[in-house]
Amino acid sequence: MGLGKLSFTALKGVFSKPATRRYPFEARPPIAKSRGRIHFDDGKCTYCSLCELKCPPDAIKVDRQGRVFAIDHLLCILCGACVEACQKGSLSMDAKHGEPWTEKQKLSWHTEAPPKPSGDAAPKA
Amino acid sequence: MMIENQPLETVEPAKIAEYAAAKRAGGWRLVQISCTSLADAFELTYSFDKDYALQNARVIQPREGAPLPSITASYLAGFTYENELQDLFGVRLSGLALDFKGQFYRLRAKTPMSEPHVTTKPAAKPAANPTPGN
Amino acid sequence: MGARTIIPFGPQHPVLPEPIHLDLVLEDEKVVEAIPSIGFIHRGLERLAEKKDIHEMAYVSERICGICSFTHGMGYCTAIEAVMKIDVPERGHYLRMIWSEMSRIHSHLLWAGLLADGFGFENLFMQSWRLRERILDLIEETTGGRVIFGSCKIGGSRRDIADDVMARLLKELASLEKDCHAITDTFMEDSTVAKRTRGVGVIAPDDAIALGAVGPMLRASGVASDSRSLGYALYPELSFAPIVEKDGDCWARTAVRVREIYQSFDLIRQCAAKMKPGPVDVKVSGNPSGEYWARLEQPRGEVIYYVKGNGTKNLERYRVRTPTFANVPPLVHMLKNIDLADVPVIVLTIDPCISCTER
Amino acid sequence: MSFFKKSPWLLHYDASSCNGCDIEVLACLTPVYDVERFGIVNTGNPKHADILVITGSVNEPTREVILNLYNQMPHPKVVVAVGVCAATGGIFRDTYNVLGGVDTVLPVDVYVPGCAARPEAIIDGVVKALGILETKAAALKAGAAEPAAVEGSK
Numbered sequence: 026m027g028l029g030k031l032s033f034t035a036l037k038g039v040f041s042k043p044a045t046r047r048y049p050f051e052a053r054p055p056i057a058k059s060r061g062r063i064h065f066d067d068g069k070c071t072y073c074s075l076c077e078l079k080c081p082p083d084a085i086k087v088d089r090q091g092r093v094f095a096i097d098h099l100l101c102i103l104c105g106a107c108v109e110a111c112q113k114g115s116l117s118m119d120a121k122h123g124e125p126w127t128e129k130q131k132l133s134w135h136t137e138a139p140p141k142p143s144g145d146a147a148p149k150a
Numbered sequence: 029m030m031i032e033n034q035p036l037e038t039v040e041p042a043k044i045a046e047y048a049a050a051k052r053a054g055g056w057r058l059v060q061i062s063c064t065s066l067a068d069a070f071e072l073t074y075s076f077d078k079d080y081a082l083q084n085a086r087v088i089q090p091r092e093g094a095p096l097p098s099i100t101a102s103y104l105a106g107f108t109y110e111n112e113l114q115d116l117f118g119v120r121l122s123g124l125a126l127d128f129k130g131q132f133y134r135l136r137a138k139t140p141m142s143e144p145h146v147t148t149k150p151a152a153k154p155a156a157n158p159t160p161g162n
Numbered sequence: 006m007g008a009r010t011i012i013p014f015g016p017q018h019p020v021l022p023e024p025i026h027l028d029l030v031l032e033d034e035k036v037v038e039a040i041p042s043i044g045f046i047h048r049g050l051e052r053l054a055e056k057k058d059i060h061e062m063a064y065v066s067e068r069i070c071g072i073c074s075f076t077h078g079m080g081y082c083t084a085i086e087a088v089m090k091i092d093v094p095e096r097g098h099y100l101r102m103i104w105s106e107m108s109r110i111h112s113h114l115l116w117a118g119l120l121a122d123g124f125g126f127e128n129l130f131m132q133s134w135r136l137r138e139r140i141l142d143l144i145e146e147t148t149g150g151r152v153i154f155g156s157c158k159i160g161g162s163r164r165d166i167a168d169d170v171m172a173r174l175l176k177e178l179a180s181l182e183k184d185c186h187a188i189t190d191t192f193m194e195d196s197t198v199a200k201r202t203r204g205v206g207v208i209a210p211d212d213a214i215a216l217g218a219v220g221p222m223l224r225a226s227g228v229a230s231d232s233r234s235l236g237y238a239l240y241p242e243l244s245f246a247p248i249v250e251k252d253g254d255c256w257a258r259t260a261v262r263v264r265e266i267y268q269s270f271d272l273i274r275q276c277a278a279k280m281k282p283g284p285v286d287v288k289v290s291g292n293p294s295g296e297y298w299a300r301l302e303q304p305r306g307e308v309i310y311y312v313k314g315n316g317t318k319n320l321e322r323y324r325v326r327t328p329t330f331a332n333v334p335p336l337v338h339m340l341k342n343i344d345l346a347d348v349p350v351i352v353l354t355i356d357p358c359i360s361c362t363e364r
Numbered sequence: 039m040s041f042f043k044k045s046p047w048l049l050h051y052d053a054s055s056c057n058g059c060d061i062e063v064l065a066c067l068t069p070v071y072d073v074e075r076f077g078i079v080n081t082g083n084p085k086h087a088d089i090l091v092i093t094g095s096v097n098e099p100t101r102e103v104i105l106n107l108y109n110q111m112p113h114p115k116v117v118v119a120v121g122v123c124a125a126t127g128g129i130f131r132d133t134y135n136v137l138g139g140v141d142t143v144l145p146v147d148v149y150v151p152g153c154a155a156r157p158e159a160i161i162d163g164v165v166k167a168l169g170i171l172e173t174k175a176a177a178l179k180a181g182a183a184e185p186a187a188v189e190g191s192k
């Protein structure tokens with residue numbers, strides 16, 4: 026390597042921005058499409074269990090009668106098949122990655138059935 | 029998209045070594061050996077390639093009976109595939125140039141792919157328990 | 006003649022992030038024989054086809070290997086599409102080709118870094134991986150994942166690339182291509198790299214064919230064989246020629262991969278120029294019945310997906326023959342009569358991907 | 039987060055991962071993420087290591103290797119399971135050669151979710167493990183007995 030090229034490289038190193046992202050002190054803005062974590066919005070869910078059917082690692086369990094949605098984030102492979110399957114928009118993909126855990130947890134949500142406008146008895150809880 | 033033409037011919041188990049030797053002399057390249065477990069036999073496919081043309085040879089090897097002749101005399105590369113056949117499927121082979129005697133793969137169960145195909149979804153999934161709360 | 010010693014190499018070894026075990030038989034400093042034994046990360050995912058349906062298997066296929074993940078998904082889908090006679094829309098094919106070339110760039114840069122680390126050129130390792138992060142950012146922006154793309158499905162692509170993202174991608178790729186020259190020039194011209202790679206691990210063209218070498222291994226020995234010439238996806242629409250070197254040593258294999266990085270940049274530009282707006286996928290219904298051997302070119306070489314459907318939603322047989330599996334016999338051949346110090350370099354120049362090999 | 043008193047060294051082992059998480063663990067050490075800022079060094083020697091980072095689910099041959107590596111590490115030590123395969127077996131837990139997550143063999147201190155886990159997530163996990171490491175170190179200093187070596191049960 027010639028002396029000219031050597032000094033050019035050295036100067037470039039001195040004046041260019043460092044390549045390092047100073048995570049966790051500064052997080053970079055998330056990329057919109059990033060598949061970070063499945064987000065569940067229990068207000069919209071009708072507990073149809075389509076997501077359970079489509080989930081390749083069987084990380085989602087839905088109890089249609091009891092109106093319970095449960096997801097194991099330590100099984101979820103973040104493929105997004107459930108988000109595509111969800112008709113009501115209650116599942117979405119969060120761009121932020123999941124937190125590390127010290128214990129295994131399964132997250133579940135339970136909602137009371139909304140009052141039916143007509144006829145049918147409310148499903149058993 | 030182009031769908032490849034993939035001719036398939038049937039070869040007797042005892043003749044496969046000669047078949048492979050002829051292919052080698054003809055300048056063909058060994059592409060792969062695959063195996064499917066059937067109820068009473070193993071369905072093996074040897075694929076060869078020459079100038080981007082694929083030729084498959086199908087061998088039906090009965091579970092019992094004479095061991096399958098190895099093709100490692102003509103294609104040394106066959107030893108990985110043939111050891112795989114031995115370790116995963118339990119196909120018995122004769123004349124292997126490099127025989128690991130079942131030590132090529134380190135497995136929990138012996139010959140785990142030997143059982144024929146079953147289509148069953150496991151009933152009890154060890155997945156999340158739907159318990160209310162949290 | 007010295008006494009024979011057996012040195013175990015692996016499974017946990019600083020040179021390789023993945024476990025492979027070699028028993029090296031040594032006579033003084035010379036390796037006289039190498040006996041491989043694999044299976045440390047054998048999962049048995051071919052048998053998973055019995056439990057997961059054909060659409061779920063696309064996700065499983067991607068997870069055969071985290072480096073060539075996109076091509077695994079694409080190969081599986083290509084095989085199923087051939088059995089089911091599904092016509093993927095043109096834009097779907099172009100998107101697949103763009104992503105598969107992007108994954109080739111990221112894989113080759115990753116490998117270049119590992120090789121540099123293998124012969125102790127720490128700085129080059131760091132620089133290669135610094136550039137690789139830029140292509141990963143582009144992959145993340147278009148697919149949402151860094152190493153597992155999750156963008157291929159039976160019948161087309163799961164995502165589209167918007168025009169403004171595409172323009173930005175091409176601009177960034179052009180700047181990345183310029184920056185790549187700094188590291189690839191070092192690989193090609195630096196005397197220390199040449200000292201470790203020239204004339205090491207030579208494999209003759211005849212041996213390469215007889216031992217079943219594929220991909221850059223075979224091309225570095227002077228055999229022009231590139232599965233992209235088979236005409237899967239829409240590769241016949243693009244102009245390209247297999248990259249061939251003639252020496253067959255570690256340096257030639259490095260040169261093939263380095264030149265392929267630039268070829269991939271060119272192919273992405275060609276795809277972007279030819280792409281027209283339109284649908285990216287078709288609806289798939291029914292189950293496959295029949296068999297097909299799909300052959301694709303991965304960063305590491307020719308890969309084969311054999312699918313056999315029996316009309317149910319589960320495949321009867323799913324088999325993957327990955328490039329590293331085919332490159333194990335040439336590796337064993339090359340590891341004869343060499344110095345012990347050259348073992349890591351030779352192992353790395355086949356670009357080993359053990360999780361592919363063992364599935 | 040405060041600065042750490044020690045410079046923790048890290049040992050990485052791929053139990054039966056698909057390579058995705060391994061590459062991301064390695065990516066943490068390269069310029070863009072650079073965990074060496076925290077004094078973390080990737081070592082190949084278990085006797086120098088404080089943190090055992092395991093990617094991928096456990097199968098029969100790697101079970102012994104993991105136990106061997108873990109028992110060679112000096113106390114105090116922490117285990118970080120990176121990715122969903124290391125946590126539970128992930129999508130591969132139904133396959134014939136997979137035993138399950140790392141916790142079937144070793145006590146795991148931190149689980150990092152993701153498939154593949156991102157470098158940011160891995161850094162978060164390692165930082166969390168450092169906290170646990172300091173607690174364990176303090177307990178050892180205060181006179182707690184060293185935990186016994188983990189035995190493999192067949």
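Residue numbers (our numbering), protein chains in the order written: chain Z, 26 to 150; chain C, 29 to 162; chain X, 6 to 364; chain F, 39 to 192. By construction, the Cβ of each residue, glycine as well, lies at the ideal position given by its N, Cα and C atoms.
Where residue i sits in the DSSP three-state scheme
i: proline 41 of chain X; result: strand
i: valine 65 of chain X; result: helix
i: glycine 80 of chain X; result: helix
i: tryptophan 104 of chain X; result: helix
i: glycine 55 of chain C; result: coil
i: cysteine 358 of chain X; result: coil
i: alanine 299 of chain X; result: strand
i: lysine 37 of chain Z; result: helix
i: leucine 126 of chain C; result: coil
i: lysine 78 of chain C; result: strand
Chain Z contact residues for residue i, given Cβ-Cβ distances below 8 Å
i: tyrosine 71 of chain F; result: Thr45, Arg46 and Tyr48
i: valine 65 of chain X; result: Pro81
For residue i: DSSP bridge partner residues
i: aspartate 286 of chain X; result: X/Gly161
i: methionine 118 of chain Z; result: Z/Ile63
i: isoleucine 85 of chain Z; result: Z/Ile96
i: proline 13 of chain X; result: X/Asp28
i: asparagine 292 of chain X; result: DSSP lists no partner for asparagine 292 of chain X.
i: phenylalanine 70 of chain C; result: C/Ser65 and C/Gln89
i: asparagine 342 of chain X; result: According to DSSP, asparagine 342 of chain X bridges with nothing at all.
i: serine 156 of chain X; result: None; serine 156 of chain X has no bridge partner.
i: valine 325 of chain X; result: X/Tyr310
Contact list for residue i against chain X, beta-carbon separation under 9 Å
i: cysteine 59 of chain F; result: Gly71 and Val152
i: phenylalanine 130 of chain F; result: Arg48, Gly49, Leu50, Leu53, Val65 and Arg68
Chain-ordered chain F contacts of residue i [CB-CB under 7 Å]
i: arginine 134 of chain C; result: Glu98 and Pro99
i: alanine 137 of chain C; result: Tyr134
i: serine 358 of chain X; result: The question names serine, yet the displayed sequence has cysteine at residue 358 of chain X. Residues of chain F passing the Cβ test: Asn57.
i: glycine 123 of chain Z; result: Pro151, Gly152 and Ala159
Residue i: contacting residues in chain X (beta-carbon distance under 8 Å)
i: isoleucine 63 of chain Z; result: Those within 8 Å of isoleucine 63 of chain Z in chain X number zero; the least Cβ separation is about 13 Å.
i: leucine 82 of chain C; result: Trp298 and Arg300
Boundaries (first-last residue) of the alpha helix (DSSP H) holding residue i
i: alanine 110 of chain Z; result: 106-110
i: lysine 5 of chain X; result: In the structure as shown, chain X starts at 6 and stops at 364, and residue 5 of chain X therefore has no counterpart that could be examined.
i: threonine 148 of chain X; result: 127-148
i: threonine 38 of chain C; result: Counting along the chain, threonine 38 of chain C falls outside any alpha helix (DSSP H), though it belongs to the beta strand (DSSP E) covering 36-38.
Closer than 7 Å at the beta carbon, the chain C residues around residue i
i: serine 156 of chain X; result: In chain order: nothing, as chain C lies at least about 17 Å away.
Partners in chain Z for residue i, counting only beta-carbon separations shorter than 7 Å
i: arginine 135 of chain X; result: Ala44
7 Å Cβ cut-off: residues of chain X touching residue i
i: isoleucine 102 of chain Z; result: Tyr64
i: proline 76 of chain C; result: The question names proline, yet the displayed sequence has phenylalanine at residue 76 of chain C. Near phenylalanine 76 of chain C there are no residues of chain X at all, since even the closest Cβ is about 11 Å away, more than 7 Å.
i: threonine 68 of chain F; result: Met131, Trp134 and Arg135
Interface residues of chain F facing residue i [CB-CB closer than 8 Å]
i: glycine 44 of chain X; result: Pro99
ask   = Going along the chain, which unbroken runs of the beta strand (DSSP E) with 3 or more residues stay wholly within the stretch 46-125 of chain F?
value = 47-52, 79-81, 89-93 and 116-120
key: alpha helix (DSSP H) runs wholly inside the stretch 240-281 of chain X, at least 4 long, in chain order   = 255-279
task = List in chain order: all unbroken alpha helix (DSSP H) runs of 4+ residues lying wholly within the stretch 173-220 of chain X.
result = 196-202 and 210-215
task = Kindly provide the ranges of any alpha helix (DSSP H) runs that are 4 or more residues long and lie completely inside the stretch 134-181 of chain F, ordered along the chain.
result = 157-179
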